[in-house]
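Enquirer:
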Amino acid sequence: MREPIASYPRVRVQGDGRQVVSQAGSVLLVETVRRTGLDQAISAALAPWRKSRAVHDPGKILLDVALAVAVGGDCLADVGMLRAEPAVFGPVASGPTVSRLVDTLAASGEKALRAIRAARAEARQRAWQLADGKAPDAGRAVTVDLDGVLVIAHSDKEDAAPTWKRTYGHHPLMGFVDHGPGGTGEPVAALLRPGNAGSNTAADHITATQLALAQLPKKYRRGRQTLIRTDSAGGTHDFVAWLAQRGRWLSYSVGMAITDTIHQHVLKVPASAWTPAVEADGEIRDGAWVAELTGDVLDGWPKGMRLIVRKERPHPGAQLRLTDADGMRLTCFATNTPGRPIAELELRHRLRARAEDRIRAARATGLRNLPLHRTAQNRIWLEIVQIALDLLAWMPMLALTGTARLWEPRRLRLRLFTTAGQLVTTGRRRILRLARHWPWTSHITTALERLALLPNPG
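The sequence shown begins at 970 in my numbering and counts up by one.
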């Protein structure tokens, strides 16, 4: 009788390996921190919170937690992954020390948050300068997408409440810079809110926009070089009026709910006024058209606002809404961008869907849940998550090319960060040898070479 063939080879396991480094590919993130000057910026920003005889620098502690989150951690204790590899990550504080720092920063409230955000903004400006044409401002314009995120709470945490989706947790409002089709995106705002916070609360959208603008270099706060883009949750009179007051500096593209007034005006649009919608490759979209609404439908809205509506044949099996017309699905948005074809503006607004990719990446990077109990602590956690997402955006922007620049966090971890290596010491040099047979070793070594060519922060 033939013996069954084993599915996997049998190996003998021993726990006496030496000079072996796990998560060796994480040196890409460490080098990104060094080249962008994020370590220096955050260390200087958190210097007021360092005690006179403290062994560990507060900025290094916070960065260590962010690095742990970037490689897959989802709580403060996961910084232990870094502590186990001092040759790569240096000295890492103990769990109690990390917790005490988070409590101290949380007790400082807005002062600590402003310090962390200022350090991130400083490093962001340098990262974009180093990117040399690959940064999100390569087209001399920046797009910021605002969107709400539901974060489920599995225990009774401060400000956790029932959400509009009948779940229980929190409802942060996030802002992401869109890197366009050639990259991913990076966070520039995170406003922690209770689970029952309204989706279309104008005050929250204004605060999130202010946080986002503060993260951008100063030149992108003038001359309409920054586009604020939202779904219909941002289509409120107060928020659009606030954006319009800054019309010399900001452009906006804001989704609008199909009201009865808009619906009635759509029914009156003549067939000749409808323009075929277009796709990103410039091809005409079959079964979709756009038109601009004018007249008294704009009464009560800011001067210069354009209202553009899209109609399209619904997908097979899709259920029509009461606000749809003549068997067509209707959507609408407002913008203050003059002089551009409405089909082009509608395509620009539709690309807001990339924000869903950014939210998915955030969920996979520490935003699956808020691990701490108090709201003030979880605000610090949100800043940590944003630092991790910054690094996961800056590293590909500075060091990867081709399709690798589009890899989301999970793929970066599986292919690059989890790579094992062997640490060899020769004389005064330490060499990290990666497995030759690993299919993505060349991606790591080539990326490190690109980072090495970048100038050190001044």
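Positions of the beta carbon are idealized from the N, C-alpha and C atoms, including for glycine. Small disclaimer: the values here were computed from a predicted structure and weren't measured.
(1) Compute the distance between the beta-carbons of asparagine 1305 and tyrosine 1221, then report whether it is under 8 Å.
(2) Per the contact definition of three or more C-beta pairs closer than 8 Å, is the region 1133-1147 in contact with the region 1159-1178?
(3) Can you name, in chain order, every residue of its own chain whose Cβ lies under 7 Å from the Cβ of alanine 1202, other than the five neighbours on each side?
(4) Distance, Cα to Cα, glutamate 1155 vs leucine 1115?
(5) From the DSSP output, in three-state form, read off leucine 1142 for me.
(6) Determine, using beta-carbon pairs with one atom in the region 982-997 and one in the region 1367-1387, whether at least three such pairs fall under 8 Å.
(7) Answer with buried or exposed for lysine 1134, where buried requires no fewer than 16 other C-beta atoms within 10 angstroms of its C-beta.
(8) Mark valine 1393 as exposed unless 16 or more other C-beta atoms lie within 10 angstroms of its C-beta, in which case mark it buried.
(9) At the level of alpha carbons, what is the spacing between serine 991 and glycine 1390?
(10) Within 10 Å of its beta-carbon, does valine 982 have 16 or more other beta-carbons around it, so buried, or fewer, so exposed?
(11) Evaluate valine 1048 with the Cβ neighbour count: other Cβ atoms within 10 Å of its Cβ, from every protein chain shown; 16 or more gives buried, anything less gives exposed.
(12) Just to confirm the assignment, what range does the beta strand (DSSP E) spanning lysine 1431 have?
(13) What are the boundary residues of the beta strand (DSSP E) that includes lysine 1280?
(14) Select from Asp1268, Thr1205, Gly1204 and Arg1298 the residue whose C-alpha is nearest the C-alpha of valine 1235.
(15) Can you list the alpha helix (DSSP H) stretches of 4 or more residues lying completely in the region 1112-1195, in chain order?
(16) For proline 1424, name the three-state secondary structure that DSSP assigns.
(17) What residues match up with cysteine 1301 in a beta bridge as DSSP calls it?
(18) When the Cβ atoms of the region 1356-1373 are set against those of the region 1027-1038, are three or more pairs found closer than 8 Å?
(19) For aspartate 1207, which residues of its own chain have a beta-carbon under 6 Å away from its beta-carbon, when the five flanking residues on both sides are left out?
(20) Are the region 1086-1099 and the region 1302-1320 in contact at 8 Å, needing three or more beta carbon pairs?
(21) Hey, how far is the Cα of threonine 1410 from the Cα of lysine 1272?
(22) With burial defined as no fewer than 16 other Cβ atoms inside 10 Å of the residue's Cβ, what is the status of leucine 1045: buried or exposed?
(23) Going by C-alpha distance, which of Thr1112, Thr1073, Thr1370 and Val1259 is nearest asparagine 1347?
(24) Expressed to the nearest angstrom, what Euclidean distance is found between the alpha-carbon atoms of asparagine 1165 and isoleucine 1121?
(25) Is it buried or exposed for isoleucine 1413, if we count other Cβ within 10 angstroms and need 16 for buried?
(26) In the structure shown, what three-state DSSP assignment does arginine 1399 receive?
(27) Can you give me the Cβ contacts of proline 1378 inside the same chain, cut-off strictly under 7 Å, excluding the 5 residues immediately before and after it?
(28) Identify, in the order they occur along the chain, each residue of the same chain with its Cβ nearer than 8 Å to the Cβ of tryptophan 1097, setting aside the five sequence neighbours on each side.
(29) With a cut-off of 8 Å on the beta carbons, I'd call alanine 1084 and alanine 1345 a contact; round off their distance for me.
(30) Cβ atoms of alanine 1312 and valine 1247: under 8 Å apart, would you say?
(31) For the alpha helix (DSSP H) holding aspartate 1033, just list the boundary residues, first then last.
(32) Need the endpoints of the beta strand (DSSP E) that glycine 1256 sits in, please.
(33) Could you compute how far the alpha carbon of glutamine 924 sits from the alpha carbon of glutamine 1009?
(34) In terms of residue numbering, what span does the beta strand (DSSP E) encompassing alanine 1345 cover?
(35) Counting only the same chain and skipping the five closest in sequence on each side, list residues whose C-beta sits under 7 Å from that of glutamate 1127.
(36) State the beta-bridge partners of isoleucine 1197 as determined by DSSP.
Expert: The relevant details are as follows:
(1) For the pair asparagine 1305 and tyrosine 1221, the CB atoms are nearer than the 8 Å cut-off.
(2) Yes: the two stretches touch, three or more of their Cβ pairs being nearer than 8 Å.
(3) Result list for alanine 1202: Gly1117, Ser1168 and Asn1169, in chain order.
(4) 12 Å
(5) strand
(6) yes
(7) Label assigned to lysine 1134: exposed.
(8) exposed
(9) 7 Å
(10) Exposed, by the Cβ-count rule.
(11) buried
(12) There is simply no residue 1431 to check, as the chain begins at 970 and stops at 1427 in what is shown.
(13) 1275-1281
(14) Arg1298
(15) For the region 1112-1195, whole alpha helix (DSSP H) runs of length 4 or above, ordered along the chain, are 1171-1184.
(16) coil
(17) Met1225 and Val1278
(18) Inter-segment contact for the region 1356-1373 and the region 1027-1038 is present: three or more beta-carbon pairs are separated by less than 8 Å.
(19) Ala1171
(20) no
(21) 56 Å
(22) Buried, since its Cβ has 16 or more Cβ neighbours within 10 Å.
(23) Thr1073
(24) 12 Å
(25) buried
(26) strand
(27) Ala1330, Ala1333, Thr1334 and Leu1361
(28) Ala1104, Pro1105, Asp1106 and Pro1186
(29) The Cβ separation is near 15 Å, so there is no contact.
(30) In contact: valine 1247 and alanine 1312 (Cβ atoms closer than 8 Å).
(31) Start and end: 1027-1039.
(32) 1253-1262
(33) With the chain covering 970 to 1427 only, the question about residue 924 has no answer from this structure.
(34) Alanine 1345: not part of any beta strand (DSSP E); member of the alpha helix (DSSP H) spanning 1344-1368, first to last residue.
(35) His1342, Arg1343 and Thr1344
(36) Val1113 and Tyr1221
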